[in-house]
Structure formats: C-alpha cells, structure tokens
Amino acid sequence: MREKGQRILDDPNPDTVKYDDFLSEANAVGKANLAKYVVHRRVVLNLFRKALERKADGKYELEEAVHRLIFPLKKTSDEVPYEQLNLWLIDERLAYHAYLASDKELRSVPALQTAEQQRPDLLIFNSPFAFADQPSPYNSILVVEFKRPQRNDYDDDENPIAQVFEYVRKVRSGLARDRAGRPIHAPEHVPFYCYIICDVTPKLKAIADNFDYTRHPNGDGYFGFNAKLSAYIEIISFDQLVVDAEKRNQILFSKLNLPR
5 MREKGQRILD DPNPDTVKYD DFLSEANAVG KANLAKYVVH RRVVLNLFRK
55 ALERKADGKY ELEEAVHRLI FPLKKTSDEV PYEQLNLWLI DERLAYHAYL
105 ASDKELRSVP ALQTAEQQRP DLLIFNSPFA FADQPSPYNS ILVVEFKRPQ
155 RNDYDDDENP IAQVFEYVRK VRSGLARDRA GRPIHAPEHV PFYCYIICDV
205 TPKLKAIADN FDYTRHPNGD GYFGFNAKLS AYIEIISFDQ LVVDAEKRNQ
255 ILFSKLNLPR
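Count along the sequence shown from 1, then add 4; that gives the number in the numbering used here.
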C-alpha cells in the first residue's frame with residue numbers, strides 16, 4: 005500500500021479512479037489495524053482486572069503483576085517497541101513521552117547523572133513538544149509508583165507519598181543530562197507529576213489524611229501539591245484506573261461489539 009501510494013504521489017497526472025480506489029483500499033487496511041489494536045486494549049483491560057483479583061490461596065498478586073501489564077520491568081523506552089506500551093491505562097498523553105525508565109536504579113537512567121540507587125516503578129520525562137525537531141528542556145517529569153493490590157501494611161519506611169517525595173529529591177539532586185550525555189536544563193520550577201496507583205485501603209486513607217490531601221470527588225483517590233518540591237501527587241485506585249480506561253475506550257469496544 006505504501007508503494008502504491010508513493011507511485012500515485014509521484015505521478016504528475018494521477019488517475020482519479022486509481023486515486024479513489026487507493027483511498028478505499030488504504031481505509032480498509034487502516035480499519036483492520038485499528039480493530040486489532042482495539043481488541044488488544046480489550047484483552048489488556050481484562051488481564052488487568054484479573055491481576056487485581058484474589059488468588060486461590062487467598063493472597064493478591066504482587067505489584068509487579070500490574071506493573072508489567074503497563075510497561076515491562078527493568079526496561080527503558082529505547083528498548084521496548086511502542087506496541088508493548090500500555091501507558092494509556094494511566095493516561096493517553098503518556099504515549100508522547102520523551103524518555104521512560106521502568107524499575108531502573110536512578111544511577112542507571114541515562115537522562116540523569118546521579119549515584120542514587122532508588123528504583124521508581126516508572127520515571128517518565130516529557131518534552132514541551134512531542135514532535136519538536138530540535139532538542140528542548142523537559143517541561144515536566146512524571147513518576148509512577150505501583151503498590152500491591154489490597155496492601156494495608158504501610159509503615160513509616162514504606163509510606164508511598166514519602167517514597168515519591170524521596171524520588172523527586174533524588175532526581176533533582178542529580179545533574180540532568182539527555183540520552184546523549186549532554187546537559188539539559190532541569191530548573192527547580194520544572195514540575196513533577198507523581199501517580200501512586202494502588203488500592204485505597206484504610207491505612208492508605210490515614211496516610212493521605214495525615215498529609216492533608218484532598219479526596220477525589222468520586223471518593224476513590226486523593227491528590228495534593230507540595231509547593232517546595234513543585235510536585236503534584238495523585239493517588240489513583242486500581243478500580244478507578246480501570247473504570248476510567250473503560251470509559252475512554254468504550255466507544256471503540258462498542259463499535260466492535262467486544263464484551264468485557
């Protein structure tokens with residue numbers, strides 16, 4: 005189809021009938037590819053729901069089970085094909101990131117120069133313009149932290165909000181560089197958007213209340229802002245994550261008559 009399209013583009017006097025036939029054929033190919041992608045999303049959502057269920061032994065899956073459905077562990081976006089990224093489960097806009105590191109020690113992230121060994125689940129760097137043809141400083145950095153489904157044993161050392169704040173401090177403490185090793189500008193005002201994805205258990209509710217976080221209008225999550233760190237934190241429940249992803253894709257699922 006690409007070769008046929010190029011021949012039509014190269015023809016100084018294209019045949020209108022051939023052009024119309026090409027468009028019809030190209031649209032059919034596009035619809036087939038889109039249908040396959042929509043089916044993929046349906047399957048991923050079903051697997052995600054399954055990963056949140058209690059197993060036969062009464063226990064729940066570890067956080068790695070839900071993590072790997074969104075992005076492979078210990079990989080970067082330079083190593084993983086776009087087709088294997090399911091960042092749309094969190095936010096469709098995350099597909100347009102400049103660089104992403106999954107479960108990697110901070111010292112191993114090429115976009116940073118630091119000796120720190122902390123491993124945020126997902127560390128995402130966003131560029132001001134996704135399709136800019138010239139290098140530009142990052143205009144935001146995202147951190148995503150997953151917790152085990154139904155976890156309710158957080159202590160001071162495992163406080164997810166404090167963990168995320170520590171990640172932010174560690175990233176800011178390093179001299180930021182791009183993947184080519186060139187210094188980039190990461191001033192203090194560059195915001196961090198941090199997502200904690202978990203079940204909102206009683207212990208987590210107490211932690212959010214201790215930080216004076218605001219509850220989501222739907223009651224299934226919290227959000228807050230740390231002005232000194234320029235960091236926005238959002239706690240998203242697994243249930244709400246799935247519900248929101250379902251709503252965003254429902255029109256596509258309906259068109260293909262795809263049941264849950």
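Every residue, glycine too, gets a C-beta built ideally from N, C-alpha and C. Bear in mind that the values here come from a model prediction, so they are computed numbers and not experimental data.
CA-to-CA distance, residue j to residue i, given in whole angstroms
i: Gly-9; j: Asp-25; result: 11 angstroms
i: Leu-74; j: Thr-20; result: The identity of residue 74 in the sequence shown is Ile, whereas the question assumes Leu. Roughly 45 angstroms between the two C-alpha positions.
i: Leu-256; j: Pro-153; result: 28 angstroms
i: Lys-232; j: Val-194; result: 12 angstroms
i: Met-5; j: Lys-35; result: 14 angstroms
i: Val-47; j: Val-84; result: 19 angstroms
i: Tyr-199; j: Arg-58; result: 24 angstroms
i: Ser-3; j: Asn-261; result: Nothing in the structure corresponds to residue 3, since the chain is present only between 5 and 264.
i: Arg-155; j: Ile-94; result: 20 angstroms
i: Ala-55; j: Asp-61; result: 14 angstroms
i: Pro-76; j: Leu-27; result: 37 angstroms
i: Lys-172; j: Glu-96; result: With the sequence shown as reference, residue 172 is identified as Val, and Lys is not the correct amino acid for it. One C-alpha to the other measures close to 23 angstroms.
i: Glu-29; j: Glu-87; result: 24 angstroms
i: Phe-150; j: Cys-202; result: 6 angstroms
i: Ser-144; j: Glu-65; result: 31 angstroms
i: Gln-167; j: Tyr-236; result: 14 angstroms
i: Pro-206; j: Val-148; result: 21 angstroms
i: Val-42; j: Asn-222; result: 27 angstroms
i: Leu-208; j: Gly-228; result: 14 angstroms
i: Lys-22; j: Lys-251; result: 40 angstroms
i: Asn-37; j: Leu-13; result: 23 angstroms
i: Pro-16; j: Asp-82; result: 40 angstroms
i: Asn-214; j: Lys-63; result: 28 angstroms
Residue i in three-state terms, based on DSSP
i: Leu-126; result: strand
i: Ile-97; result: The question names Ile, yet the displayed sequence has Arg at residue 97. Residue state, collapsed to three classes: helix.
i: Phe-169; result: helix
i: Glu-149; result: strand
i: Ala-235; result: strand
i: Ala-60; result: coil
i: Tyr-86; result: helix
i: Tyr-103; result: strand
i: Pro-139; result: Any reading at Pro-139 must be qualified, since the residue scores a pLDDT of 43, below 50, and its modelled position is unreliable; no value is offered.
i: Lys-79; result: strand
i: Thr-205; result: coil
i: Asn-163; result: coil
i: Tyr-226; result: strand
i: Tyr-41; result: helix
i: Arg-6; result: helix
i: Tyr-158; result: coil
i: Arg-46; result: helix
i: Phe-215; result: coil
6 angstroms Cβ shell around residue i - same chain, five flanking residues per side excluded
i: Leu-98; result: Leu-91
i: Gln-138; result: In this predicted model, Gln-138 has a pLDDT of only 39, less than 50, meaning its place in the structure is not dependable; the value taken from the coordinates is given anyway. Correct list: empty, nothing qualifies.
i: Ala-69; result: Ala-55
Buried or exposed by the 16-neighbour rule on C-beta atoms within 10 Å, applied to residue i
i: Phe-169; result: buried
i: Thr-80; result: buried
i: Ser-308; result: Nothing can be reported for residue 308: it is not among the residues displayed for the chain, which extend from 5 to 264.
i: His-71; result: buried
i: Pro-124; result: buried
i: Tyr-158; result: buried
i: Ala-249; result: buried
i: Glu-67; result: buried
i: Lys-108; result: buried
i: Arg-11; result: exposed
Other residues of its chain near residue i: CB distance less than 7 angstroms, five sequence neighbours each side excluded
i: Asn-163; result: Ile-211
i: Arg-53; result: Val-246
i: Tyr-226; result: Ala-212, Tyr-217, Thr-218, Arg-219, His-220, Ile-239
i: Asp-224; result: Val-204, Ser-241, Asp-243, Gln-244
i: Asn-253; result: Arg-45
Residues of its chain near residue i, where Cβ-Cβ distance is below 8 angstroms and the 5 sequence neighbours each way are ignored
i: Asn-50; result: Arg-264
i: Ala-39; result: Leu-260
i: Val-33; result: Met-5
i: Asp-160; result: Ala-166
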